[in-house]
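K.L.:
There are 2 protein chains.
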Amino acid sequence: MTLVDTITNQLIHEFSKTIEMFDISPTDARLFTILYLNHQPMTLDEMSQVMGKSKTSVNTGIRTLIDLNLVKQVWKKGVRKNLYTTDKNLYQRFMQAYLGKWRNHINIQKQTIHAIQEKANHRDQGHLIENRINEMIEFHRLIEASFNKRRL
Amino acid sequence: MTLVDTITNQLIHEFSKTIEMFDISPTDARLFTILYLNHQPMTLDEMSQVMGKSKTSVNTGIRTLIDLNLVKQVWKKGVRKNLYTTDKNLYQRFMQAYLGKWRNHINIQKQTIHAIQEKANHRDQGHLIENRINEMIEFHRLIEASFNKRRL
DNA sequence: TTATACGTACAGTTTAAACTGAACAAACTT
DNA sequence: AAGTTTGTTCAGTTTAAACTGTACGTATAA
Numbered sequence: 005m006t007l008v009d010t011i012t013n014q015l016i017h018e019f020s021k022t023i024e025m026f027d028i029s030p031t032d033a034r035l036f037t038i039l040y041l042n043h044q045p046m047t048l049d050e051m052s053q054v055m056g057k058s059k060t061s062v063n064t065g066i067r068t069l070i071d072l073n074l075v076k077q078v079w080k081k082g083v084r085k086n087l088y089t090t091d092k093n094l095y096q097r098f099m100q101a102y103l104g105k106w107r108n109h110i111n112i113q114k115q116t117i118h119a120i121q122e123k124a125n126h127r128d129q130g131h132l133i134e135n136r137i138n139e140m141i142e143f144h145r146l147i148e149a150s151f152n153k154r155r156l
Numbered sequence: 005m006t007l008v009d010t011i012t013n014q015l016i017h018e019f020s021k022t023i024e025m026f027d028i029s030p031t032d033a034r035l036f037t038i039l040y041l042n043h044q045p046m047t048l049d050e051m052s053q054v055m056g057k058s059k060t061s062v063n064t065g066i067r068t069l070i071d072l073n074l075v076k077q078v079w080k081k082g083v084r085k086n087l088y089t090t091d092k093n094l095y096q097r098f099m100q101a102y103l104g105k106w107r108n109h110i111n112i113q114k115q116t117i118h119a120i121q122e123k124a125n126h127r128d129q130g131h132l133i134e135n136r137i138n139e140m141i142e143f144h145r146l147i148e149a150s151f152n153k154r155r156l
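Those protein sequences? They're chains A and B, same order as listed. Plus 4 on top of the position in the first sequence (first one is 1) and you've got the numbering used here. Plus 4 on top of the position in the second sequence (first one is 1) and you've got the numbering used here.
Structure (structure tokens):
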């Protein structure tokens with residue numbers, strides 16, 4: 005019984021570290037893992053209790069996880085409290101959120117840097133900085149190619 | 005002149021955001037970009053001046069960048085101060101550091117979770133948690149496959 | 001309707017990270 | 001050798017993030 009708990013605690017601790025790799029804060033990662041290891045949807049009060057944090061804190065954590073599409077709210081008849089649970093097929097969810105974030109960023113930055121390049125070309129013919137701008141654009145292009153090659 | 009500077013500042017600002025995507029802190033990313041846009045190696049004092057931060061702060065920043073293999077120290081005869089510069093082919097450097105970090109983490113966590121699984125099997129036959137452990141292992145396996153498929 | 005239970009917003013506090021200046025140590029200069 | 005110059009360590013401070021408790025609004029229950 006307590007032995008099972010130590011195993012669960014270890015799992016929470018270790019798996020959270022992998023979740024953190026997806027650019028998720030340590031506490032949010034821990035919250036996610038707790039929810040994931042619980043086979044039933046959980047209420048804010050339950051999560052607050054397990055996390056040892058205030059309900060407000062858990063509330064904001066859940067909010068960010070929902071925004072990332074990693075947690076969803078579910079309803080169960082007869083239960084008034086909000087219930088939250090993790091989605092199935094973790095891998096797709098995480099990779100989708102992660103790659104989407106990268107692709108989105110690269111797209112925006114490519115445009116931004118192109119715009120700066122325009123300005124530089126107009127005013128500043130033949131300056132050294134132009135080499136760097138071209139390198140930056142190439143850098144983004146390579147990243148883009150790398151992440152687009154990947155499939156879920 | 006000042007116009008060129010605003011363009012440079014914009015470049016610093018924008019490119020830093022991409023560097024941050026590689027899990028590098030905003031100030032370290034800015035430091036790297038400043039060094040990258042400077043066509044000459046820089047001293048601590050110069051970087052301190054451009055960053056508007058203390059020399060101590062720049063020193064620690066450079067240290068972490070060197071540890072990540074993104075910056076190296078160079079020597080120039082007649083110059084006493086330490087000189088630092090960014091490496092060529094950014095893309096390879098960053099991807100190598102980044103993918104290496106992922107692969108390393110996944111390897112370690114796979115082993116750790118397997119060890120926990122052993123313990124769980126010994127003591128806790130047929131418990132629900134075992135399903136989750138298998139899912140976790142599969143999760144890591146998929147990530148590993150995804151990152152190994154990638155080439156620089 | 002009144003009363004109770006729940007989620008969220010907000011101000012204030014705690015905790016952790018980033019940063020600084022002074023002091024030290026090692027290397028160079030004279 | 002004594003005197004500078006430079007990088008680094010460390011204690012203390014500033015700044016930003018995480019967290020908490022109270023208070024408010026909304027929904028359910030009586």
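Backbone N, C-alpha and C define an ideal beta-carbon position, used for all residues, glycine too.
Could you tell me whether any Cβ in chain A is nearer than 8 Å to the Cβ of residue 12 of chain B?
P.N.:
For residue 12 of chain B, the answer is yes, since a Cβ of chain A falls inside 8 Å of its Cβ.
K.L.:
With 8 Å set as the bound, which would you pick, yes or no: does the beta-carbon of residue 88 of chain A sit closer than that to a beta-carbon of chain B?
P.N.:
For residue 88 of chain A, the answer is no, since every Cβ of chain B falls outside 8 Å of its Cβ.
K.L.:
With DSSP collapsed to three states, give me the class of residue 83 of chain B.
P.N.:
Residue 83 of chain B falls in the coil class under three-state DSSP.
K.L.:
Who are the neighbours of residue 18 of chain B on chain A, taking C-beta pairs under 8 Å?
P.N.:
The contacting residues are 113, 116, 117 and 120.
K.L.:
I'd like to check one pair, residue 87 of chain A with residue 75 of chain A: are the Cβ atoms closer than 8 Å?
P.N.:
The answer is no: Cβ separation not under 8 Å.
K.L.:
Here's a check: name, in chain order, each residue in its chain whose Cβ is nearer than 8 Å to the Cβ of residue 36 of chain A, leaving out the five neighbours to either side.
P.N.:
Cβ within range, chain order: 20, 23, 28, 69, 74, 75 and 90.
K.L.:
What number of angstroms, rounded off, separates the C-alpha of residue 117 of chain A from the C-alpha of residue 42 of chain A?
P.N.:
Each residue's Cα considered, the two are about 46 Å apart.
K.L.:
Measuring CA to CA, which of A:25, A:31, A:45 and A:51 is closest to residue 81 of chain A?
P.N.:
Taking only the C-alpha atoms, the option nearest residue 81 of chain A is A:45.
K.L.:
If distances are taken between C-alpha atoms only, which option among B:126, B:115 and B:106 comes closest to residue 141 of chain B?
P.N.:
Checking every option, the nearest Cα to that of residue 141 of chain B belongs to B:115.
K.L.:
Taking Cβ positions, are residue 139 of chain A and residue 110 of chain A nearer each other than 8 Å?
P.N.:
No.
K.L.:
Could you spell out where the beta strand (DSSP E) holding residue 77 of chain A opens and where it closes?
P.N.:
Start and end: 75-78.
K.L.:
Between residue 11 of chain B and residue 59 of chain A, how many whole angstroms is the CB-CB distance? I'm expecting something under 8 Å.
P.N.:
Not quite, the Cβ-Cβ distance comes to about 49 Å (not below 8 Å), so this is no contact.
K.L.:
What number of angstroms, rounded off, separates the C-alpha of residue 71 of chain A from the C-alpha of residue 105 of chain B?
P.N.:
Going by the C-alpha atoms only, they are around 26 Å apart.
K.L.:
Bridge partners for residue 46 of chain B per DSSP, in chain order?
P.N.:
In DSSP, residue 46 of chain B forms a bridge with B:88.
K.L.:
Expressed to the nearest angstrom, what Euclidean distance is found between the alpha-carbon atoms of residue 83 of chain B and residue 47 of chain B?
P.N.:
Near 10 Å, if we compare the C-alpha coordinates of residue 47 of chain B and residue 83 of chain B.
K.L.:
What is the C-beta distance between residue 103 of chain B and residue 151 of chain B, in whole angstroms, given that I count them as a contact (C-beta under 8 Å)?
P.N.:
Their Cβ separation, rounded to whole angstroms, is 6 Å, which keeps residue 103 of chain B and residue 151 of chain B in contact under 8 Å.
K.L.:
Under 8 Å, Cβ to Cβ, is there at least one residue of chain B near residue 28 of chain A?
P.N.:
By this cut-off, residue 28 of chain A is not an interface position.
K.L.:
Report the CB separation of residue 18 of chain B from residue 113 of chain A in whole angstroms; it is logged as a contact under 8 Å.
P.N.:
Right, the Cβ-Cβ distance comes to about 6 Å (below 8 Å), so this counts as a contact.
K.L.:
Using C-beta distances below 8 Å, list every residue in its chain close to residue 16 of chain A, excluding the 5 sequence neighbours before and after it, in chain order.
P.N.:
Within the same chain, residue 16 of chain A has close Cβ partners 34, 37, 38 and 41.
K.L.:
If the criterion is Cβ atoms closer than 8 Å, does the pair residue 31 of chain A and residue 56 of chain A meet it?
P.N.:
No.
K.L.:
For residue 62 of chain A, which residues in the same chain have their Cβ closer than 7 Å to its Cβ, ignoring the five residues on either side in sequence?
P.N.:
Excluding positions up to five away in sequence, the list reads 35, 48, 51, 52 and 55.
K.L.:
Listed in chain order, which residues of the segment 43-70 of chain A have Cβ atoms closer than 7 Å to some Cβ of chain B?
P.N.:
From the segment 43-70 of chain A, only 43 have a Cβ closer than 7 Å to chain B.
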